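Please read the structure below before turning to the comments.
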Amino acid sequence: MPTHFGEHPLPRAFYERASAAVARALLGQRLVRVLNGRRLSGLICETEAYGGATDQASHAYRRTPRSAIMFGPPGIAYVYFIYGMHHCLNVVTECDGYPGAVLIRSITPAEGIECLRENRPGVADRYLADGPGKLCQALAVTAPLNGIDLTRNSELFITAGAQVDVQELVVTPRIGVRGDEETRTRPWRFVWQPTSHPVRPDPRGETSSNALV
DNA sequence: TATACGATCACCT
DNA sequence: GGTGATCGTATAC
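For the first sequence, position 132 (counting from the first letter as 1) is numbered 132 according to my numbering, and the numbering increases by one without interruption.
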């Protein structure tokens with residue numbers, strides 16, 4: 001795949017679909033961050049889909065100034081601050097006017113590992129970007145990147161990465177969400193677990209299934 | 001204006 | 001497996 005000048009970010013049409021479809025399709029794609037002239041990247045290996053008024057776990061369950069971005073055009077980054085110290089990176093999905101987003105929960109470092117190490121001092125390579133807050137720290141994704149267009153070749157974008165085989169796909173309920181039974185059990189977390197190299201086990205032990213594949 | 005808490009992480013036992 | 005850190009945001013008053 002192209003890793004040089006002129007590579008094409010995934011087009012807006014990629015994101016203009018149902019959140020769960022985008023969450024599934026993002027597995028294996030390459031998240032690229034250009035920081036101080038250095039290029040960092042990783043392959044997306046864990047995502048979660050979030051919806052609108054019928055998804056009690058979503059920020060867009062109610063429209064507020066913060067969640068308004070989820071109602072806008074797809075392909076835009078939604079970065080928010082949580083627990084007083086972490087950032088989370090999302091991609092807006094669905095048509096303009098209809099809310100949706102995908103939370104990127106973890107990546108496998110691919111380029112610029114030295115820089116990721118600098119951003120996460122004292123952390124073993126295996127844990128550099130294996131969580132939503134961790135990957136934001138590793139890639140220096142913070143509030144100023146909120147609203148950036150991921151379909152443009154700039155500081156943050158996503159390009160085509162690896163093919164993810166169905167055999168390597170795990171689908172589970174989302175982590176740490178509240179709400180009614182339907183919201184809590186909705187199978188909207190997608191994990192890429194290449195059989196060749198083990199990925200971390202399910203962090204909270206919820207049952208997994210390939211039912212949605 | 002005030003208050004409670006979260007789409008988390010790291011460090012403790 | 002338990003919990004403190006730490007603050008923007010939403011919501012209640």
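By construction, the Cβ of each residue, glycine as well, lies at the ideal position given by its N, Cα and C atoms.
The structure displayed is predicted, hence computed values, not measured ones.
Inset, instruction - Could you check what DSSP says for L212 in three-state terms: helix, strand or coil? - result: Your numbering for residue 212 matches position 212 in the first sequence. Here L212 scores only 35 on pLDDT, less than 50, and its place in the model is too uncertain to base an answer on.
Inset, instruction - Enumerate, from N- to C-terminal direction, the unbroken alpha helix (DSSP H) stretches of 4 or more residues contained entirely within the stretch 122 to 210. - result: Listed in chain order, the complete alpha helix (DSSP H) runs (minimum 4 residues) inside the stretch 122 to 210 are 132 to 138, 181 to 185.
Legend entry - Local Cβ density within 10 Å of Q167, reported as buried at 16 or more and exposed below that: Taking the first residue of the first sequence as 1, we reach residue 167 at position 167. Flag for Q167 reads exposed.
Legend entry - A18 (DSSP reduced to helix, strand or coil): Counted from its first residue, the first sequence places residue 18 at position 18. Three-state result, A18: coil.
Inset, instruction - With DSSP as the reference, label H59 as helix, strand or coil. - result: Numbered from 1 along the first sequence, position 59 holds the residue referred to as residue 59. Residue state, collapsed to three classes: helix.
Legend entry - Straight-line Cα distance separating F81 from E16: What you label residue 16 is simply residue 16 of the first sequence in a count that begins at 1. What you label residue 81 is simply residue 81 of the first sequence in a count that begins at 1. Cα to Cα, E16 sits roughly 25 Å from F81.
Legend entry - G112 beta carbon less than 8 Å from that of R24: By 1-based counting over the first sequence, the position of residue 24 is 24. By 1-based counting over the first sequence, the position of residue 112 is 112. Cβ atoms of R24 and G112: not closer than 8 Å.
Legend entry - Opening and closing residue of the alpha helix (DSSP H) in which E114 lies: Residue mapping note: residue 114 aligns to position 114 of the first sequence, counting from 1. Annotation: the continuous alpha helix (DSSP H) that includes E114 extends over 113 to 119.
Inset, instruction - State the Cα-Cα distance for the pair A140 and A124, rounded to the nearest angstrom. - result: Position 140 of the first sequence, counting from 1, holds the residue named residue 140. Position 124 of the first sequence, counting from 1, holds the residue named residue 124. About 17 Å.
Inset, instruction - Could you pull the start and end residues of the beta strand (DSSP E) that S41 belongs to? - result: Translated into positions along the first sequence, residue 41 becomes position 41. Start and end: 38 to 50.
Legend entry - Span of the beta strand (DSSP E), counted from its first residue to its last, around Y282: This structure cannot speak to residue 282, because the chain is shown only from 1 to 213.
Legend entry - Inter-residue spacing [alpha-carbon to alpha-carbon] between H59 and I175: Taking the first sequence and counting its residues from 1, one reaches residue 59 at position 59. Taking the first sequence and counting its residues from 1, one reaches residue 175 at position 175. Using only the alpha carbons, I get a separation of about 15 Å.
Inset, instruction - Consult DSSP for L27 and reduce its assignment to one of helix, strand or coil. - result: For this step, residue 27 is matched to residue 27 along the first sequence. It is coil, neither helix nor strand.
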